[in-house]
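Chemist:
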Amino acid sequence: DAKTTQPNSMESNEEEPVHLPCNHSTISGTDYIHWYRQLPSQGPEYVIHGLTSNVNNRMASLAIAEDRKSSTLILHRATLRDAAVYYCPYERGAQKLVFGQGTRLTINP
Amino acid sequence: DGGITQSPKYLFRKEGQNVTLSCEQNLNHDAMYWYRQDPGQGLRLIYYSQIVNDFQKGDIAEGYSVSREKKESFPLTVTSAQKNPTAFYLCASAEGGETQYFGPGTRLLVL
Numbered sequence: 001d002a003k004t005t006q007p008n009s010m011e012s013n014e015e016e017p018v019h020l021p022c023n024h025s026t027i028s029g030t031d032y033i034h035w036y037r038q039l040p041s042q043g044p045e046y047v048i049h050g051l052t053s054n055v056n057n058r059m060a061s062l063a064i065a066e067d068r069k070s071s072t073l074i075l076h077r078a079t080l081r082d083a084a085v086y087y088c089p090y091e092r093g094a095q096k097l098v099f100g101q102g103t104r105l106t107i108n109p
Numbered sequence: 110d111g112g113i114t115q116s117p118k119y120l121f122r123k124e125g126q127n128v129t130l131s132c133e134q135n136l137n138h139d140a141m142y143w144y145r146q147d148p149g150q151g152l153r154l155i156y157y158s159q160i161v162n163d164f165q166k167g168d169i170a171e172g173y174s175v176s177r178e179k180k181e182s183f184p185l186t187v188t189s190a191q192k193n194p195t196a197f198y199l200c201a202s203a204e205g206g207e208t209q210y211f212g213p214g215t216r217l218l219v220l
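From first to last, the protein sequence lines are chains U and R.
Residue numbers 1 to 109, in my numbering, belong to the letters of the first sequence in order.
Residue numbers 110 to 220, in my numbering, belong to the letters of the second sequence in order.
Pasting the structure below:
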């Protein structure tokens, strides 16, 4: 069954870079890769998305492997407010997102 | 202020009761979605609608029903056929292949 796989948890220190990995081995050539983050009891917040090339925005950078079977979300300088569960769903047609279990990111002060 | 609203924030259901969760958006998006999230899990798609008066089943549609009579509204009914309805329900909207934006969610609990 199509899905994404991520580490259950990661930990980093404030003001250091964080690299969050994601495997999406069943992704097809036209499926966009998205990243969202979620705080407890809130809806997911969009972070970034891309198709083939690496992408940057004010929140983060997205590095996509050449074969598109994996991607990495890069937070260049983590803050305490970046602590959340991070998801890397990909589209499965009609903008239907396929979510995995996500990575719980802890930021140490 | 544009966005997605969901109500109520908390909802309690009695055995054998149908309950309806509200989702409204003023972003003028064509597509709307309903997801279910169980504790410690990712989101699973219940239903989605790409245009008014049309909707399709997602991965876990059994025990749920929806309607899409207006562009801005996509209510979800949790029927008595849904035997394990306790979960966090999230509504989202999107426009033309772009990013999905999520509402704040409704937590449904069974009495």
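Just so you know, even glycine gets a beta-carbon here, dropped at the ideal spot from N, CA and C.
(1) Can you give me, in chain order, the residues of the segment 33-50 of chain U that have a beta carbon less than 9 Å from any beta carbon in chain R?
(2) Could you have a look at residue 163(R) and say whether DSSP puts it in helix, strand or coil?
(3) Between the alpha carbons of residue 54(U) and residue 208(R), how many angstroms are there, rounded?
(4) How about residue 12(U) and residue 18(U): are their beta carbons less than 7 Å apart?
(5) Measuring alpha carbon to alpha carbon, tell me which of 168(R), 158(R), 197(R), 193(R) ends up nearest residue 126(R).
(6) Along the segment 76-100 of chain U, where does the CB come closer than 7 Å to a CB of chain R? Name the residues.
(7) Counting along the chain, where does the beta strand (DSSP E) carrying residue 63(U) start and finish?
(8) Which two residues bound the contiguous beta strand (DSSP E) that contains residue 13(U)?
(9) Could one say the Cβ of residue 194(R) lies closer than 7 Å to chain U's Cβ atoms, at least one of them?
(10) What residue range is occupied by the uninterrupted beta strand (DSSP E) comprising residue 49(U)?
(11) Rounded to whole angstroms, how far is the Cβ of residue 64(U) from the Cβ of residue 50(U), which I believe are closer than 8 Å?
(12) Can you name, in chain order, every residue of its own chain whose Cβ lies under 7 Å from the Cβ of residue 219(R), other than the five neighbours on each side?
(13) At a CB-CB cut-off below 8 Å, which residues of chain C make contact with residue 203(R)?
(14) Which residues mark the beginning and the end of the beta strand (DSSP E) in which residue 169(R) is found?
(15) Pull the bridge partners of residue 84(U) from the DSSP assignment, please.
(16) Would you say residue 217(R) faces chain U, with C-beta separation under 7 Å as the test?
(17) Assess contact between the segment 151-171 of chain R and the segment 182-193 of chain R, defined as three or more Cβ pairs (one per stretch) separated by less than 8 Å. Is contact present?
(18) So, does the CB of residue 29(U) fall closer than 7 Å to a CB anywhere in chain R?
(19) By the three-class DSSP mapping on this structure, what secondary structure does residue 27(U) have?
(20) Can you tell me the Cβ-Cβ gap for residue 48(U) and residue 82(U), rounded? I've got them flagged as a contact below 8 Å.
Modeler: Answer, in terms of the structure:
(1) 34, 36, 38, 41, 42, 43, 44, 45, 46, 49
(2) Residue 163(R): strand per DSSP, three-state reduction.
(3) Taking the Cα positions, residue 54(U) is about 17 Å away from residue 208(R).
(4) yes
(5) 193(R)
(6) 87, 94, 95, 96, 97, 99, 100
(7) The continuous beta strand (DSSP E) containing residue 63(U) extends over residues 61-64.
(8) 9-13
(9) no
(10) 45-50
(11) 6 Å
(12) 122, 194, 195
(13) Among the protein chains of the structure shown, namely U and R, there is no chain C.
(14) For residue 169(R), there is no enclosing beta strand (DSSP E), as DSSP marks it with neither H nor E.
(15) 105(U)
(16) no
(17) Contact check between the segment 151-171 of chain R and the segment 182-193 of chain R: three or more CB pairs, one atom from each, fall below 8 Å, which counts as touching.
(18) no
(19) coil
(20) Contact flag wrong, Cβ pair sits at about 13 Å.
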